[in-house]
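Numbering (this note's numbering), first residue to last: 4 to 398.
Note that beta-carbon positions come from the ideal geometry of N, C-alpha and C, so glycine has one too.
Quick caveat, the model's predicted, so the values are computed rather than measured.
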Ligand SMILES: Cc1cc2nc3c(=O)[nH]c(=O)nc-3n(C[C@H](O)[C@H](O)[C@H](O)COP(=O)(O)OP(=O)(O)OC[C@H]3O[C@@H](n4cnc5c(N)ncnc54)[C@H](O)[C@@H]3O)c2cc1C
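In structure tokens:
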């Protein structure tokens with residue numbers, strides 16, 4: 004078997020690359036290999052309108068299952084409605100579009116056992132030769148990165164009656180603070196349909212699923228809603244990077260193999276969200292004159308390095324959040340942040356804060372003890388054992 008480009012892993016990042024290549028480079032022979040029997044897993048991928056340019060919105064639009072014009076946040080001391088759009092793609096909406104565009108080029112239930120720059124070897128021993136192999140097999144774990152976690156369990160439910168929400172509640176932090184910064188995230192998909200996620204910015208990745216289900220049940224009851232049916236469940240434990248060494252992260256496995264998505268550490272350091280970076284990577288790959296592994300390896304690694312450089316400010320904030328604030332007081336950092344002007348909040352989530360924004364985020368009466376904040380900010384953290392890189396890829 005052979006293809007020009009083999010995409011290992013049929014998750015968000017490789018699906019977007021596949022779609023973009025089909026549209027812009029239809030002559031390229033693609034093969035998208037997904038281990039599970041469902042392309043795209045069980046996810047709801049959301050993003051702020053400001054995260055993407057209008058051109059990016061235009062090609063992503065067919066994937067979007069639901070959009071809202073505004074959203075709100077709730078904290079113990081105030082609530083706020085933000086007049087900024089929010090969009091969600093579901094696994095289902097992604098799957099439908101990708102399968103229609105790729106047809107036979109998608110193979111589900113196919114596990115890639117080993118990867119090299121010019122070949123993927125499947126679990127059954129089949130060898131697939133390729134001009135390029137792109138590793139998009141998802142989160143590789145914590146190697147060379149010091150992490151906290153944004154972890155959650157979400158349930159999509161139908162209610163007996165209309166919920167009455169006009170838009171998403173992205174953070175309801177009026178709930179009891181346990182296991183770090185805790186909030187409930189609610190997306191109203193239809194008049195009676197909600198996705199409700201109990202979320203924690205925690206030191207540990209593990210999820211106590213039954214306890215989280217009970218918390219969701221309690222939240223529903225507290226709002227006077229009654230569940231009619233359960234449509235699905237999803238869970239995640241997303242990496243929140245405090246410090247690390249991006250060059251060692253890349254050098255650790257599969258030398259010369261291009262990467263995408265979480266495998267390439269292309270995610271927002273403070274939210275663990277990867278969709279905007281994945282959209283931009285798909286455009287960059289589809290625009291590359293050379294689609295062979297050496298060129299795509301250089302492209303994906305340099306984008307990852309550049310994202311790491313841009314992420315320095317966010318990692319500093321993460322250290323404040325995780326190290327300077329007592330776990331049950333972490334919400335105050337976000338409460339402080341959400342009092343700032345809307346455009347600043349938009350640029351923060353889009354990963355493009357200006358220097359002025361950074362100063363505003365860090366100024367004012369600090370929501371954490373000053374001495375601890377300074378120590379957290381100035382101490383990058385446990386040094387990984389690997390060799391020091393001289394490219395500035397480490398903090
Ligand atoms: C439940 C959940 C909700 C999230 N919500 C958001 C959100 O709202 N917005 C946002 O921007 N980000 C969100 N994220 C974070 C991040 O964007 C996602 O994790 C995203 O799916 C990462 O994309 P990816 O392509 O790197 O990896 P994945 O989407 O995880 O894709 C990896 C794929 O590779 C497959 N695979 C693994 N090993 C093999 C193998 N050996 N052979 C073949 N296939 C293999 C997996 O089955 C999987 O389908 C969420 C994450 C989770 C878990």
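Check                                                                                                 : Outcome
C-alpha distance - residue 46 paired with residue 353, whole-angstrom precision                       : 20 Å
Residue 242, enclosing beta strand (DSSP E) - first and last residue                                  : 230-247
Spatial distance of residue 231 from residue 290 (CA atoms)                                           : 47 Å
Residue 33 beta carbon less than 9 Å from that of residue 98                                          : no
Proximity below 9 Å, CB of residue 20 to CB of residue 36                                             : no
Backbone secondary structure at residue 191 - three-state DSSP                                        : strand
Host beta strand (DSSP E) of residue 204 (start-end)                                                  : 196-205
Per-residue DSSP class, three states only, for residue 102                                            : helix
Cβ pair residue 76, residue 179 closer than 9 Å                                                       : no
C-alpha gap between residue 84 and residue 73, whole angstroms                                        : 7 Å
Cβ-Cβ distance between residue 281 and residue 105 below 9 Å                                          : no
Inter-residue Cα distance where the pair is residue 192 and residue 93                                : 11 Å
Residue(s) in a DSSP beta bridge with residue 84                                                      : 75
Counterpart residues of residue 111 in DSSP-defined beta bridges                                      : 37
Candidates 307, 344, 201 and 279: closest to residue 52 by CA position                                : 279
Residue 233 Cβ short of 8 Å to ligand 1 heavy atom set                                                : no
Cβ-based burial, residue 323 [other Cβ within 10 Å; buried from 16]                                   : buried
Contact set for residue 259: own chain, Cβ-Cβ below 8 Å, skip 5 residues either direction             : 119, 120, 296, 297 and 300
8 Å contact criterion, which residue 204 and residue 172 should meet: CB distance rounded             : So it is not a contact: roughly 17 Å between Cβ atoms.
For residue 172, the residue or residues it bridges with in DSSP                                      : 75 and 189
beta-carbon residue 279 near ligand 1 non-hydrogen atom, thresh 8 Å                                   : yes
Under the three-state DSSP convention, the category residue 8 falls into                              : strand
Rounded straight-line distance, which links the Cα of residue 6 to that of residue 127                : 18 Å
Pairwise C-alpha distance: residue 91 and residue 253                                                 : 30 Å
Residue 409 to residue 168 span [Cα, whole Å]                                                         : No information on residue 409 is available, as it lies outside the stretch 4 to 398 that the chain covers here.
Ligand 1 heavy atom lying under 8 Å from the CB of residue 38                                         : yes
Distance cut-off 8 Å: residue 412 Cβ against heavy atoms of ligand 1                                  : Here the chain comprises residues numbered 4 to 398, so residue 412 is not present and cannot be evaluated.
Three-way DSSP call (helix, strand, coil) for residue 67 in this model                                : strand
Contact set for residue 285: own chain, Cβ-Cβ below 6 Å, skip 5 residues either direction             : 19, 20 and 23
Same chain, Cβ closer than 7 Å to residue 318, five either side skipped, listed in chain order        : 244, 245, 246, 272 and 398
Per-residue burial, residue 390 [other beta carbons within 10 Å of its own, 16 or more giving buried] : Any reading at residue 390 is ruled out, since the residue's pLDDT is 34, under 50, leaving its predicted position unreliable.
Member of 233, 96 and 308 whose CA lies at the smallest distance from the CA of residue 266           : 308
Run of the beta strand (DSSP E) containing residue 277, from where it starts to where it stops        : Premise fails: residue 277 is in no beta strand (DSSP E) and is neither H nor E.
Identified DSSP bridge partners for residue 184                                                       : 204
Simplified DSSP state of residue 341, which is helix, strand or coil                                  : coil
Closer than 8 Å: residue 46 CB and nearest ligand 1 heavy atom                                        : yes
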